[in-house]
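Only one structure is covered here, and it is reproduced in the block below.
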């Protein structure tokens, strides 16, 4: 896989760089560059990210950061079984619980929401930091919805983090999930309120809360390009009528 000239490998997190020090220098540099490409492409080009993760995996499968990156690349491509295997491998290597929520979400992706709920009630959840616990709550609510338990999903999302007025990195997604669950349950008025709160917290555009809010308010967006393309046609019609 080609690596752009502007990628040096130095862009990766210092903890990952430290992990790669167990490898020969040239090999470590090659792995680092491929990991940079995974991170760079995973949102816009998940298939490309997956391809680079496979290269990194072939070069250094015994490095936990590589297994984790491969897991996220597989996850982004909805290859949930493969992602789960990579996350489990990374967890065995590190002994940490950080990947527990995404592992549970893989279980959802594999059509096993009951397993995801079991994981949501496991002791590992208490070892997660606040962000991880919120993520686990989101996964558990999703699992409830998978099982058709809308009211239970709503209750699952009701938490001090949801009620808090302070904006944290997870706030927009939590409010959005709550609004979406309310809407699915037919509670449109409350859903509108929480979509509006999600918009307030969504400083980096991580959700489409503003679009959902506009949709509830009956606002239609017209593509300016389409409007522009229609004008010459109107002009041509006028010419034909003369």
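Numbering (our numbering), first residue to last: 536 to 777. From the three backbone atoms N, C-alpha and C, an ideal C-beta is built for every residue, glycine too.
Minimum Cα-Cα distance from residue 726 among the listed residues 645, 603 and 717 corresponds to 717.
Beta-carbon to beta-carbon, residue 706 and residue 736 are separated by about 4 Å, close enough to satisfy the 8 Å threshold. Rounded to the nearest angstrom, the gap between the Cα atoms of residue 579 and residue 601 is 20 Å. Three or more beta-carbon pairs separated by less than 8 Å link the region 626–640 to the region 661–671, which places the two stretches in contact. Here the region 559–575 lies against the region 594–610, with 3 or more beta-carbon pairs under 8 Å apart. The C-beta distance from residue 639 to residue 655 rounds to 6 Å, short enough to meet the 8 Å contact threshold. Take residue 612, set aside five residues on each side of it, and the residues of its chain with a beta-carbon closer than 7 Å to its own are 581, 582 and 585, in chain order. Looking from the CA of residue 628, the closest CA among 692, 599, 710 and 647 belongs to 599. Between residue 741 and residue 734, the C-beta spacing is not below 7 Å. For residue 678, the closest alpha carbon among the candidates 538, 644 and 577 is that of 644.
Under the three-state reduction of DSSP, residue 672 is assigned to helix. Across the structure, residue 715 and residue 730 are spaced so that their CA atoms are roughly 8 Å apart.
The three-state reading of DSSP puts residue 597 in coil, since its state is none of H, G, I, E or B.
Counting the other Cβ atoms within 10 Å of the Cβ of residue 658 gives fewer than 16, which makes it exposed.
By the neighbour-count definition (other C-beta atoms within 10 Å, threshold 16), residue 536 is an exposed residue. Scanning its chain for C-beta atoms nearer than 6 Å, with the 5 sequence neighbours on each side dropped, one finds around residue 542 the residues 568 and 571, in chain order. Here residue 618 is not near residue 588, since their CB atoms are 7 Å or more apart. For residue 657, no alpha helix (DSSP H) run applies, since DSSP gives it neither H nor E. Its chain contains 666 as the residues whose beta carbon lies nearer than 8 Å to that of residue 704, once the 5 sequence neighbours on both sides are disregarded; these appear in chain order. Assignment of residue 547 by DSSP, reduced to helix, strand and coil, places it in the coil class.
The continuous alpha helix (DSSP H) containing residue 707 extends over residues 706–719. Looking only at 709, 720 and 722, the smallest Cα-Cα distance to residue 743 is reached by 709.
Rounded to the nearest whole angstrom, the CA to CA distance from residue 590 to residue 753 is 48 Å.
With contacts defined by Cβ atoms closer than 7 Å, residue 651 and residue 674 form a contacting pair. Contact between residue 603 and residue 622 holds, since their C-beta atoms are separated by about 7 Å, short of 8 Å.
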